[in-house]
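Notes for the one structure printed next.
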Amino acid sequence: MTFLLRFGAVCGLLSGLFIALPGAVEAFTGETAVTSFILGMSPALAVPLLTALHVGQMHATGPLGSIGYAVNLIGLSLFGGAAYALNLVLYYLGETVTNNLATPTRSALLGSALVFTVGTVLFTIAMVRARVYPRIPVWTYGISLPVFAIAARLPDTPLTSALHVVVGATLAWLATAIWRRAALGDVVRTEMDAEGVS
Numbered sequence: 001m002t003f004l005l006r007f008g009a010v011c012g013l014l015s016g017l018f019i020a021l022p023g024a025v026e027a028f029t030g031e032t033a034v035t036s037f038i039l040g041m042s043p044a045l046a047v048p049l050l051t052a053l054h055v056g057q058m059h060a061t062g063p064l065g066s067i068g069y070a071v072n073l074i075g076l077s078l079f080g081g082a083a084y085a086l087n088l089v090l091y092y093l094g095e096t097v098t099n100n101l102a103t104p105t106r107s108a109l110l111g112s113a114l115v116f117t118v119g120t121v122l123f124t125i126a127m128v129r130a131r132v133y134p135r136i137p138v139w140t141y142g143i144s145l146p147v148f149a150i151a152a153r154l155p156d157t158p159l160t161s162a163l164h165v166v167v168g169a170t171l172a173w174l175a176t177a178i179w180r181r182a183a184l185g186d187v188v189r190t191e192m193d194a195e196g197v198s
């Protein structure tokens, strides 16, 4: 269990950095091939973070936590696939192609953002109720990630860049909280083992 928490924390920290740093750079340079590539990779690293968040609070969330996790995981997978396609496929095809996407493609991209938004809200409610993680990043997760999903296809502006930084910092903060929980669990286990020996 400790490995899963630590793995999720490391992946979450990287995912946060892979969102925040390109967002900060794009505020000055606009979207580039490098920033687009890094952003496209970030959702894959967010999946272990989401799993670690769920594992770390399962004892306190009940059925709502499991449902929120399941919907958020499916939404993250769909939205992550859309982000990958937008940043690593459509980016290189140019605006002419991306502006003329077929209706089913546009609907699929919008649908992935909506499922991700619903899952994020449900999972946030579970995190708020569980009171396992710090309140500020939990609330920011529940507010900024849905906005992030809906704003994914907006033109790059300083506002969207700032949103990237906020989302990335939130994921990194939650990853740090998971790491601390894993470290605390190690300390408790060590103390219990020592008491059992004495």
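Per full-length UniProt numbering: the sequence shown = residues 1 to 198. All C-beta atoms in this analysis are idealised placements derived from N, C-alpha and C, irrespective of residue type, glycine included. Please read all numbers here as calculations on a predicted model, not as lab measurements.
Between the C-alpha atoms of T170 and V34 there is a straight-line separation of about 22 angstroms. DSSP, read as helix, strand or coil, puts R131 in coil.
Per the Cβ contact rule, the region 115-127 is in contact with the region 63-83 (3 or more Cβ pairs under 8 angstroms). Its chain contains T120, V121 and T124 as the residues whose beta carbon lies nearer than 7 angstroms to that of G142, once the 5 sequence neighbours on both sides are disregarded; these appear in chain order. The beta-carbon separation of L5 and A175, rounded to 10 angstroms, does not stay under the 8 angstroms limit for a contact. If you draw a 10 Å sphere on the C-beta of P158, you find fewer than 16 other C-beta atoms in it, and that means exposed. M41 carries a helical assignment under DSSP once its states are collapsed to helix, strand and coil. With contacts defined as CB atoms closer than 8 angstroms, H59 and Y69 fail to qualify as a contacting pair. Around the CB of G30, fewer than 16 other CB atoms lie within 10 Å, so the residue is classed as exposed. If you check the CB distance, A113 and F79 come in under 8 angstroms. Under the 10 Å beta carbon count, S107 is surrounded by fewer than 16 other beta carbons and is classified as exposed.
DSSP, read as helix, strand or coil, puts G30 in coil. With respect to the C-alpha of G23, the residue from A152, T51, L110 and P134 having the closest C-alpha is A152. Around C11, the same chain offers L45, P48 and L49 as residues with beta carbons nearer than 6 angstroms, after the five sequence neighbours per side are excluded.
L39 places its beta carbon less than 8 angstroms from that of I19. Under the three-state reduction of DSSP, T157 is assigned to coil, being neither helix nor strand. The C-beta distance from A126 to T32 rounds to 37 angstroms, too long to meet the 8 angstroms contact threshold.
Only exposed fits L154, as fewer than 16 other CB atoms lie within 10 angstroms of its CB.
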